[in-house]
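2 protein chains.
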Amino acid sequence: METTKFAIPEIIFGRGSINYAGQCALRHGAKKVFLVSDTGIEEAGWVQRLMEILEAAGIDWIYYPRVTPNPRDFEVEQGAEFYLKNGADVIMALGGGSSMDTAKGIAIIASNGGKIQDYEGANRVQRPLPPMVFITTTAGSGSDISQFCIITDVKRQVKMSIITRTLVPNISIVDPLILRTKTETLIIQSAVDALAHAIEAYLSRIASPFTEPQSLKAIDLIMRHLKHAVESRSLDSLEQLSIASIAASMAFSNAGLGAEHALAHSLGGHFDMSHGVVHPILLTAVMRFNLPACTKKMADIGRVILDKRLGSDLDTALAGIEKLEEFFASFDVSLKLHEEVQADDKKYLESICKMAVHDACNLTNPRSASWQEFLEICEEVW
Amino acid sequence: METTKFAIPEIIFGRGSINYAGQCALRHGAKKVFLVSDTGIEEAGWVQRLMEILEAAGIDWIYYPRVTPNPRDFEVEQGAEFYLKNGADVIMALGGGSSMDTAKGIAIIASNGGKIQDYEGANRVQRPLPPMVFITTTAGSGSDISQFCIITDVKRQVKMSIITRTLVPNISIVDPLILRTKTETLIIQSAVDALAHAIEAYLSRIASPFTEPQSLKAIDLIMRHLKHAVESRSLDSLEQLSIASIAASMAFSNAGLGAEHALAHSLGGHFDMSHGVVHPILLTAVMRFNLPACTKKMADIGRVILDKRLGSDLDTALAGIEKLEEFFASFDVSLKLHEEVQADDKKYLESICKMAVHDACNLTNPRSASWQEFLEICEEVW
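Listed in order, the protein sequences are those of chains A and B. What the first sequence shows, in our numbering, is residues 70 to 451, in sequence order. What the second sequence shows, in our numbering, is residues 70 to 451, in sequence order.
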């Protein structure tokens with residue numbers, strides 16, 4: 070096997086694990102924590118709770134609540150200035166992907182200087198970052214586990230991917246109790262995001278024996294527990310979704326993603342749609358496109374979804390994709406693109422697909438795809 | 070779920086991955102590497118190769134070759150003195166469990182002072198260790214992945230377990246090409262050690278969804294590939310054993326072990342037997358003892374070993390244990406204790422079992438065991 074790398078943060082998982090936040094910061098030498106969160110989390114009471122935990126551990130903190138969805142370049146640069154001015158020494162994010170990516174962007178600029186654009190792409194961050202202790206409030210984005218950070222370049226209207234091992238936080242605290250305060254929509258969107266991470270990572274050209282079992286575990290857990298989690302809000306089911314999200318994140322952070330995420334980035338960037346909205350529309354169509362290039366691996370996914378193998382790999386793979394389509398249809402989500410955008414938006418698809426083929430995620434897709442093939446997929450799901 | 074933790078090093082895996090050793094040391098600020106290895110590895114040419122890699126990266130090194138099997142207290146204290154005197158800044162081990170545990174012991178004393186006995190037990194190392202980059206030459210001990218370090222207290226004739234998260238190395242480099250220079254016996258013993266790690270970690274009281282899939286993956290790979298690896302020495306099979314060992318180590322480092330390891334520590338300490346020799350004798354007997362306390366989980370193991378489920382959990386579990394016994398019998402290893410010790414050694418079993426029940430590994434065994442029950446197991450396998 071070619072050389073493969075596997076890097077994840079230390080994970081502290083369980084009900085009430087937020088209580089370890091102070092201890093975790095102390096272990097990384099914290100005197101003053103830079104706490105990144107947003108007003109939604111604040112209103113749910115979690116920011117106050119975390120401040121009390123830090124105070125009880127004798128740690129000073131400075132609060133940075135200016136997180137917006139899809140964090141932008143100038144925001145992380147302002148944040149880094151605020152970080153340096155206040156002499157903080159550990160960065161803590163409490164939130165979903167936006168809070169965590171904001172914290173990562175701040176960490177990069179605070180320790181490496183320059184503009185966030187300087188670090189776009191793979192392995193361009195040279196100097197070590199301040200210690201990062203992240204507490205996720207969703208079960209999907211995986212930023213608390215991954216080496217990815219997505220920041221919007223406002224001038225170019227592009228979502229920049231910054232990917233480097235130093236972006237893996239030092240510690241990820243995952244407390245399923247925090248998930249109880251989430252809406253039904255957010256639970257579905259997060260789980261669907263994790264499911265897409267798991268499936269694309271499993272089929273990735275650089276999937277490894279370290280990432281593949283994590284992908285299959287995540288797919289299995291989400292298929293088994295999402296319905297019940299949404300209907301019952303049972304803590305047990307929400308906990309299983311948290312575990313699934315962690316497994317999916319371990320996989321995609323180290324194996325990369327595929328054409329579906331490449332398209333989702335461009336479509337989502339253009340139409341301001343979140344990943345969780347795009348996946349039920351696109352995922353199975355991209356799987357059908359990829360099928361000839363990875364029938365055996367698609368059958369492994371089918372076996373997990375169906376909990377059995379059929380006569381042939383192809384039959385198992387196809388039946389798995391069909392079952393996944395039924396699964397998406399059983400939730401209150403859009404299944405076609407026209408449900409989310411205007412009829413005359415169709416004219417943008419060509420330029421969106423031309424951009425999508427150059428997305429870094431397309432490099433690890435199991436089947437090479439041209440923009441014309443991307444366009445066919447978009448028209449199929451229109 | 071109660072709070073559970075999962076910590077592993079960054080892993081760099083693949084044929085030729087030893088070539089990344091210099092880069093890994095540089096990432097941790099190395100100017101002068103403290104290189105721990107032994108004469109066997111040196112004779113196989115790997116020490117020279119590593120020195121060349123470090124030199125090419127512009128890194129100075131100081132070589133510490135004084136590793137012995139089952140490293141002893143005074144050895145790591147001497148090593149720490151040597152480390153400090155030479156102003157090294159990164160510790161690199163190239164070898165099996167003995168080299169890596171020696172390196173860990175040196176790292177503890179060099180940065181925390183005192184005697185190695187001061188750190189026996191769990192979480193007693195307070196100050197951070199120097200960066201550790203480990204290159205394993207066996208596929209079994211797992212010291213390159215785990216938070217364990219085993220050092221012999223010469224005066225008390227006891228193997229001390231030192232267990233703390235800071236003992237997880239920063240980077241583990243696993244290069245299957247190095248395994249090709251190993252003997253058949255060492256390949257079997259290492260794989261059997263990894264198999265016992267995987268099985269005991271799966272059944273552990275503190276197994277978690279993060280450790281369980283790793284255990285099952287390791288069991289599956291070893292059952293499928295050990296025979297062929299021994300017969301053919303094929304690099305593909307040896308590589309699968311490496312992957313299995315990493316998976317098993319991720320599991321046991323975070324889930325702990327059980328009664329079989331508790332007994333193996335005491336038996337091995339008394340009769341100077343390595344783990345790889347003890348496991349084929351003890352493992353299935355301990356599994357039969359544990360069966361009533363964890364029938365369902367034992368059936369999961371049975372399903373992996375048999376590649377199918379039988380009518381009931383109990384049937385699947387028992388058939389799995391029987392298949393495992395046949396598997397051990399198919400290799401040239403001892404299956405009864407009397408094959409390894411003298412007939413009049415039987416008189417020591419009582420005191421060995423009285424010591425074994427207090428071993429830390431017994432705390433996570435799925436079924437509580439008295440020393441009398443341990444003695445029954447030993448008599449059964451005599």
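Every residue gets a Cβ at the ideal spot worked out from N, C-alpha and C, and that includes glycine.
CB contact check: residue i to chain B, cutoff 8 Å
i, result
"A:Thr84", "Reading off the sequence, residue 84 of chain A comes out as Arg, not Thr. By this cut-off, A:Arg84 is an interface position."
"A:Met292", "no"
"A:Thr72", "yes"
"A:Phe75", "yes"
"A:Pro278", "yes"
"A:Pro200", "no"
"A:Lys366", "no"
"A:Lys286", "yes"
"A:Ile214", "no"
"A:Ile374", "no"
"A:Ile312", "yes"
"A:Pro361", "no"
"A:Pro140", "no"
"A:Pro282", "yes"
"A:Glu269", "no"
Those residues which DSSP pairs with residue i across a bridge
i, result
"A:Leu295", "Answer by DSSP bridge pairing: none, since A:Leu295 is not bridged."
"A:Lys452", "Nothing can be reported for residue 452 of chain A: it is not among the residues displayed for chain A, which extend from 70 to 451."
"B:Gly62", "No statement about residue 62 of chain B is possible, as the shown extent of chain B runs from 70 to 451 and does not include it."
"A:Arg141", "A:Thr221"
"B:Gly164", "B:Thr205"
"B:Trp130", "B:Val102"
"A:Phe82", "A:Val243 and B:Thr73"
"B:Val159", "B:Val102"
Cβ separation of residue i and residue j, assumed to be a contact under 8 Å, to the nearest whole Å
i, j, result
"B:Ala157", "B:Lys101", "5 Å"
"B:Pro349", "B:Leu383", "Not really, about 24 Å apart at Cβ, beyond 8 Å."
"B:Gly327", "B:Ser259", "Rounded, the Cβ-Cβ distance is 20 Å, inconsistent with contact."
"A:Leu119", "A:Leu163", "6 Å"
"B:Pro199", "B:Ala179", "6 Å"
"A:Ile160", "A:Ile177", "Wrong, their Cβ atoms sit about 10 Å apart, outside the cutoff."
"A:Val202", "A:Thr233", "The Cβ separation is near 19 Å, so there is no contact."
"B:Ala317", "B:Ala287", "4 Å"
"A:Glu329", "A:Glu269", "6 Å"
"A:Pro245", "A:Pro78", "Rounded, the Cβ-Cβ distance is 18 Å, inconsistent with contact."
"B:Tyr188", "B:Ile231", "5 Å"
"A:Gln283", "A:Met319", "5 Å"
"A:Thr250", "A:Ala113", "5 Å"
CB contact check: residue i to chain A, cutoff 8 Å
i, result
"B:Glu329", "no"
"B:Pro238", "no"
"B:Ile80", "yes"
"B:Glu442", "no"
"B:Glu308", "yes"
Any non-hydrogen atom of the ligand ADP closer than 7 Å to residue i Cβ
i, result
"B:Arg96", "Questions concerning the ligand ADP fall outside what the structure shown contains, since it holds no ligand whatsoever."
Cβ contact (3+ pairs, closer than 8 Å) linking the region 214-229 of chain B and the region 249-263 of chain B | Cβ pair count under 8 Å is below three, so no.
Taking only runs of the alpha helix (DSSP H) that begin and end inside the region 286-350 of chain A, which ones reach a length of at least 4 residues, in chain order?
-> Annotation: the region 286-350 of chain A contains the following complete segments of the alpha helix (DSSP H) (minimum length 4 residues), in chain order: 304-324 and 328-340.
May I ask you to verify whether the region 102-112 of chain B touches the region 305-319 of chain B, counting CB pairs closer than 8 Å and requiring at least 3?
-> Because the criterion of three Cβ pairs below 8 Å is not met, the region 102-112 of chain B and the region 305-319 of chain B do not touch.
Go through the region 232-265 of chain A residue by residue and report every complete run of the alpha helix (DSSP H) that reaches 4 residues or more, in order.
-> 245-248
At 4 residues or longer, and completely inside the region 372-412 of chain B: list those alpha helix (DSSP H) runs for me, N to C.
-> 382-398
Are three or more beta carbon pairs between the region 357-376 of chain B and the region 408-418 of chain B nearer than 8 Å?
-> Contact fails between the region 357-376 of chain B and the region 408-418 of chain B, because fewer than three Cβ pairs, one in each stretch, are under 8 Å apart.
Would you say the region 73-82 of chain A touches the region 73-81 of chain B, given that touching needs at least three Cβ pairs under 8 Å?
-> yes
Below 8 Å, can you find three or more Cβ-Cβ pairs linking the region 348-366 of chain B to the region 383-401 of chain B?
-> yes
Would the region 431-449 of chain B and the region 416-423 of chain B be scored as touching if the rule is three or more Cβ pairs under 8 Å?
-> They touch, by the three-pair rule.
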